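Protein sequence lines, in the order shown, are assigned to chains A and B.
Heads up: take any position in the first sequence, counting from 1, add 232, and you land on my numbering.
Heads up: take any position in the second sequence, counting from 1, add 232, and you land on my numbering.
Here's the structure, in C-alpha cells; my notes come after.
Number of protein chains: 2
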Amino acid sequence: MPRQKARVTIHEVARRAGVSVATVSRVFNNSDLVTKQTGEKIRSVARRLNYIPNASARSLSMKRTETIGMLLPDMHGEFFSEIIRGADAIAHKEQYHLLVSASHSNKEELETAIKMMSGRVDGFILMSPHLDSETLVGRYLKSVPTVILTSSEARGMHDSIRIDNVGAARQVMRHLISLGHRRIAIVKGDPGNEDAEERLAGYHAELRANSIDVTDELIVCGDFTERSGHAAGRILLDLKYRPTAVFASNDEMAIGVLRCFREEGIKVPQEIAVAGFDDIQISSLIHPSLTSVHVDISDLGSLAAERLIEVLADGTKRKTVKSIVLPSRLVVRNSTLTTTHADAVISHATSVQ
Amino acid sequence: MPRQKARVTIHEVARRAGVSVATVSRVFNNSDLVTKQTGEKIRSVARRLNYIPNASARSLSMKRTETIGMLLPDMHGEFFSEIIRGADAIAHKEQYHLLVSASHSNKEELETAIKMMSGRVDGFILMSPHLDSETLVGRYLKSVPTVILTSSEARGMHDSIRIDNVGAARQVMRHLISLGHRRIAIVKGDPGNEDAEERLAGYHAELRANSIDVTDELIVCGDFTERSGHAAGRILLDLKYRPTAVFASNDEMAIGVLRCFREEGIKVPQEIAVAGFDDIQISSLIHPSLTSVHVDISDLGSLAAERLIEVLADGTKRKTVKSIVLPSRLVVRNSTLTTTHADAVISHATSVQ
DNA sequence: GGTTACAATGTAACCGGTTACATTCTAGCA
DNA sequence: TGCTAGAATGTAACCGGTTACATTGTAACC
C-alpha cells in the first residue's frame with residue numbers, strides 16, 4: 233500500500249547537491265551571492281526531485297504570507313464576482329494570493345472567518361455591515377492592515393473604498409423628477425446595510441430638495457435579491473395610487489420589479505418607469521434596458537487590493553486613514569426614457585479625498 | 233513612531249498564565265487532558281492578550297493547511313462566481329479555506345500559480361485546458377490530491393467533475409431538428425477547450441444521426457464571450473444562405489448572437505432560432521428568453537470541494553479515480569419556441585460512474 | 001507506608017524554511 | 001611568500017506552533 237509520499241524539502245535538495253540549506257535557500261531567493269555554477273547545480277537537482285519550497289515554512293520565518301484575506305457577505309451574482317476579479321487581477325500582478333470567504337451572514341460567522349484567517353494573511357479586504365470595534369476581532373483588526381469595502385460601522389478606523397451612494401441616488405431621483413415624475417417609489421435594501429441606508433437617504437434628500445412630500449407607502453423593503461424585487465413590484469401594483477416611477481436600490485431588485493411588471497402587463501416606462509443601481513452586465517441586455525447608476529465594480533476590488541498592498545509594502549504603520557470614493561455615472565436607458573436610442577450617459581462628479 | 237506591534241504568541245500566553253506552551257496548545261485544540269480550572273485560566277489570559285494562534289506555524293507542524301487551492305482560467309461572469317460560491321459553501325461547512333486564483337491564460341502562468349500555492353494548500357480544484365502531465369507541475373500534481381473541473385488533457389489521472397457535453401449538445405440539436413430546422417449553425421468555443429470540443433462533437437453526432445450534411449460555413453468560432461457571439465452573429469447574417477437556427481456553445485455567446493440579431497431586426501425565433509448552453513441566470517430574464525442547457529453550476533464547485541475533502545480526509549492514497557458527471561437538462565424557452573408560455577423542461581439522463 | 005496507575009503538566013524535538021554571523025576560499029598586492 | 005579584503009558557503013538560531021516522551025502529583029489499593 234503506497235503511503236503518503238513525503239514532500240521533498242530543502243534539506244533533501246541540499247544533501248543531494250552537496251551544499252548547505254542556506255545556499256539552496258539563496259538560490260531560490262535569487263540572491264546574488266551564489267556562484268553561477270553552484271546555482272545551476274542546485275537548480276538541476278531541485279528540478280530532478282520536483283522540489284517546490286513549502287509556503288507555510290516560508291511564511292513562518294519571513295512573517296509574511298503574501299496573501300490577502302477577502303471577506304464578503306455573500307457570493308451570489310455578478311456584483312461579488314466582479315469584486316473578486318478586480319482584486320485578483322491586482323493581487324496576481326503584485327504576486328499576492330487571495331484567500332476568499334463568503335457566506336458569513338452574521339457577526340459570529342464573520343468573526344470565526346477572520347480568526348481562521350489570522351496568520352494566514354497579511355491583511356484584509358472586508359465587506360460586511362457587521363463589524364464591531366469592541367470585540368476581540370475588532371481589536372485584532374486594529375493591528376492588521378485592513379481595507380473596508382463600501383461601508384460599515386467600522387469605517388473611519390480603516391482605509392476604505394466606497395461609492396457615493398447619496399450623491400448617485402440623488403442623481404437618479406433628479407433624473408426621474410426631471411421627467412415629470414412626482415410619485416416615485418423606492419425599493420430599499422435591508423436595514424443595517426449602509427449602502428441601502430445611504431441610497432435611501434439620497435432618495436429622501438432629493439425629494440426634499442424638490443419639495444415633494446415623502447409617502448410612506450412608496451417605500452418598500454427588499455433585500456437586494458431579484459426575488460425580493462419581484463415581491464416589491466407586487467406590493468406597489470396593489471397600491472390604490474400606483475407610483476409612476478420606481479427606484480430600486482440595486483439592479484437585481486430592479487430586474488425583479490421589471491419581471492413583475494411584465495407578468496402583469498404593465499408597460500415600462502410608459503406606465504411606470506424603473507431605475508436601478510450598480511449597472512451590472514445584464515442591465516444593458518435585458519428588455520427594456522435598465523436605467524442605472526454605473527459603478528465599475530471590479531474597481532472596487534482592484535482599488536482595495538491596491539491600497540492594501542500599498543499599506544503592506546510601506547511598513548511604517550502610518551495612521552492616515554484614506555477613503556477613496558469611486559466614480560459613478562448615471563446611465564439612462566429605456567426603462568425610464570423610451571425615446572433615447574443610444575444610451576445617454578450623465579457623468580457624476582467623483583473625488584478622492 | 234509606533235512600530236509594528238509584535239503579534240502575541242503562544243509563549244507569551246504560557247508565560248503570563250504560568251504554564252507551559254504545551255498546555256496552552258492543548259487548550260486551543262480542545263484536548264481533554266487539561267483541568268477545567270487551568271483551561272479557564274488560560275482562556276482568560278488569551279482573551280485579554282487578543283491571542284489568535286498563527287496559522288502558518290500550525291500548518292507547518294501539522295502538515296495540513298486546511299485550505300483548498302482553486303485555479304480558474306478566468307473570472308468573468310456568473311459562471312465562475314457560481315463555481316466559487318458552490319465550493320466556498322462546502323469548504324466553509326467543512327472548515328476549509330479557499331485560495332482562489334484566476335487570470336492564468338497560458339500554461340506558464342498556470343504553473344506559476346500552482347507553484348505559488350504549493351505548501352499553502354492541501355489539494356487543488358483545477359479548471360484549465362492547459363495541463364500537461366510531463367512538466368514539473370504535472371508530476372507534482374500527481375502527488376497532491378486534485379480534482380479536475382469539466383475537462384482537460386489531464387483527465388483520467390485525477391478525480392473529475394464534468395458535464396456531459398456531448399449528450400447535452402445532442403439534446404439541443406435534437407430539439408432544433410424536431411422543430412424542423414435543417415440548416416443549423418454552431419458557434420463553437422476556442423479550440424483546445426475540451427468543453428468546446430465536446431459540444432461541437434455533439435453537434436456533429438446528432439446531425440449525422442439525422443443524416444443531415446455538415447456545412448463548414450455554418451461552423452463559426454467564438455471564445456465564450458458575449459462579444460465573440462455578437463461577431464459570430466454578424467458572420468452568419470452575411471452568409472448567402474442563412475441558417476434557420478443557431479446553437480451557441482454557451483449562453484454568453486448566445487446573448488451576443490441575440491444582441492446582433494436584435495440590432496439587425498432579425499426576429500427570434502421566427503426567422504432564426506437560438507439556443508445556448510449553461511443556463512446562466514440572465515438567460516431566463518432576457519427577451520426573448522433563451523433556450524439553454526441547464527447545469528447547476530454551483531454544483532460543479534460544491535461537488536469538487538466535497539470530493540476533494542473526502543480524498544483529503546481519507547489519508548490512504550487510494551488510486552481509484554472517480555469521475556462524476558453532472559446532471560443537466562434542456563430548458564426550452566422563447567428563443568426557439570414562441571408558443572410555449574411556461575418553460576418546458578426536458579430532463580437529461582444523468583449518471584455517476 | 002509503599003506501590004501503582006493514571007491524570008496533569010512540562011521539556012524539547014520537530015515541521016521547513018530564512019538569515020545573522022562565522023568560516024573558508026580566492027585573488028590581488030606589497 | 002604572506003597578508004588581507006571580499007566573495008562564497010556553512011552553521012545554527014529562529015519563526016510559532018504540535019506532540020512524543022518525561023516528569024510530577026494524587027488517589028487507590030494492598
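C-beta atoms are modelled at their ideal positions from N, C-alpha and C, and glycine is treated no differently.
None of these values were measured; they are calculated from a predicted model.
Exercise. Using a Cβ-Cβ distance under 8 Å, would residue 330/B count as near chain A?
Worked result: Closer than 8 Å: yes.
Exercise. Thinking just about the alpha-carbon of each residue, which of 444/B, 293/B, 256/B, 457/B is nearest to the one in residue 410/B?
Worked result: When each option's Cα is compared against that of residue 410/B, the closest is 444/B.
For this session: Could you list the residues in the region 346-357 of chain B with a C-beta less than 9 Å from some C-beta on chain A, going in chain order?
Result: The residues in question are 346, 347, 348, 349, 350, 351, 352, 353.
For this session: Tell me residue 507/B's beta-bridge partners as DSSP assigns them.
Result: DSSP, once it has assigned bridges, lists 479/B, 523/B as partnering residue 507/B.
For this session: Quick one: list the residues of chain B neighbouring residue 312/A, beta-carbon separation under 7 Å, in chain order.
Result: Chain B residues near residue 312/A: 313.
Problem set entry | Within the region 365-427 of chain B, ranges of the alpha helix (DSSP H) (whole runs, at least 4 residues) | List check, alpha helix (DSSP H) in window: 368-374, 397-410.
Problem set entry | Euclidean distance between Cα positions of residue 523/B and residue 425/A | Approximately 36 Å, taken between the alpha carbons.
Problem set entry | Cβ pair count under 8 Å reaching 3, the region 280-290 of chain A against the region 287-304 of chain B | Flag = yes, the region 280-290 of chain A and the region 287-304 of chain B touch.
Problem set entry | Chain-ordered neighbours of residue 307/A on chain B, where CB pairs are closer than 7 Å | Those are 313, 316, 317, 320, listed as they occur along chain B.
Exercise. Rounded to whole angstroms, how far is the Cβ of residue 321/A from the Cβ of residue 302/A, which I believe are closer than 8 Å?
Worked result: Not quite, the Cβ-Cβ distance comes to about 13 Å (not below 8 Å), so this is no contact.
For this session: Would you list, in chain order, the members of the region 369-383 of chain A that have their beta-carbon closer than 7 Å to a beta-carbon of chain B?
Result: Per Cβ criterion, the list reads 371, 372, 375.
Problem set entry | Between the CA atoms of residue 369/B and residue 539/B - distance to the nearest angstrom | Spanning the two alpha carbons is a distance of roughly 22 Å.
Problem set entry | Exposure label - residue 553/B; buried when at least 16 CB within 10 Å | So residue 553/B counts as exposed.
Exercise. For a contact meaning CB atoms closer than 7 Å, what does residue 286/B contact in chain A?
Worked result: Those within 7 Å of residue 286/B in chain A are 351.
Exercise. If you run the structure through DSSP and keep just helix, strand and coil, what is residue 355/A?
Worked result: The answer is strand: DSSP assigns residue 355/A an E or B state.
For this session: Measure how close the beta-carbons of residue 413/B and residue 505/B come, nearest whole angstrom, since I'm counting them as under 8 Å.
Result: Distance from residue 413/B to residue 505/B at the Cβ level is roughly 7 Å; contact confirmed, criterion being Cβ atoms closer than 8 Å.
Exercise. Using 8 Å as the threshold, is the region 480-490 of chain B in touch with the region 453-460 of chain B, meaning 3 or more CB pairs across them?
Worked result: Yes: at least three Cβ pairs fall under 8 Å.
Exercise. What three-state label does DSSP hand residue 248/B in the structure shown?
Worked result: Under the three-state reduction of DSSP, residue 248/B is assigned to helix.
For this session: Just mark residue 255/B as buried or exposed, buried being the case when its beta carbon has 16 or more other beta carbons within 10 Å.
Result: Residue 255/B should be labelled buried.
Exercise. Can you tell me where the alpha helix (DSSP H) with residue 586/B in it begins and where it stops?
Worked result: Absent from the model: residue 586/B. The displayed extent of chain B is 233 to 585, so no value can be given.
Exercise. Does the Cβ of residue 267/A have 16 or more other Cβ atoms within 10 Å, making it buried, or fewer, making it exposed?
Worked result: The Cβ neighbour count for residue 267/A, taken over all protein chains shown within 10 Å, is under 16; the residue is labelled exposed.
Exercise. Which residues, in order along the region 479-507 of chain A, keep a beta-carbon less than 9 Å from a beta-carbon of chain B?
Worked result: Listed by position along the chain: 487, 490, 491, 494.
Problem set entry | Straight-line gap, residue 490/B to residue 461/A (C-alpha atoms, nearest Å) | Roughly 26 Å separates the two Cα atoms.
Exercise. Within 8 Å (strictly less), CB to CB, does residue 219/A reach chain B?
Worked result: Since the first residue of chain A shown is 233 and the last is 585, residue 219/A is not available in this structure.
For this session: Spell out whether any CB of chain B is found under 8 Å from the CB atom of residue 444/A.
Result: Not closer than 8 Å to any Cβ of chain B, the Cβ of residue 444/A fails to qualify, so no.
Problem set entry | Where the alpha helix (DSSP H) containing residue 281/A begins and where it ends | Residues 268-281.
For this session: Look up residue 299/B in the DSSP assignment and say whether it is helix, strand or coil.
Result: Here residue 299/B sits in strand by DSSP.
Problem set entry | chain A within 8 Å of residue 292/B, Cβ atoms only | So yes, residue 292/B belongs to the interface.
Problem set entry | DSSP-derived helix/strand/coil call for residue 558/A | In this structure, residue 558/A counts as strand in the three-state DSSP scheme.
Exercise. Can you find a CB in chain A that lies within less than 8 Å of the CB of residue 297/B?
Worked result: Residue 297/B counts as touching chain A.
For this session: Give a yes or no on whether 8 Å exceeds the smallest Cβ distance from residue 566/B to chain A.
Result: With its beta carbon at least 8 Å from every one in chain A, residue 566/B lies outside the interface.
Exercise. Start and end of the beta strand (DSSP E) containing residue 330/B?
Worked result: According to the DSSP assignment, residue 330/B belongs to the beta strand (DSSP E) that extends over 329-333.
Exercise. If you run the structure through DSSP and keep just helix, strand and coil, what is residue 315/A?
Worked result: Residue 315/A: helix per DSSP, three-state reduction.
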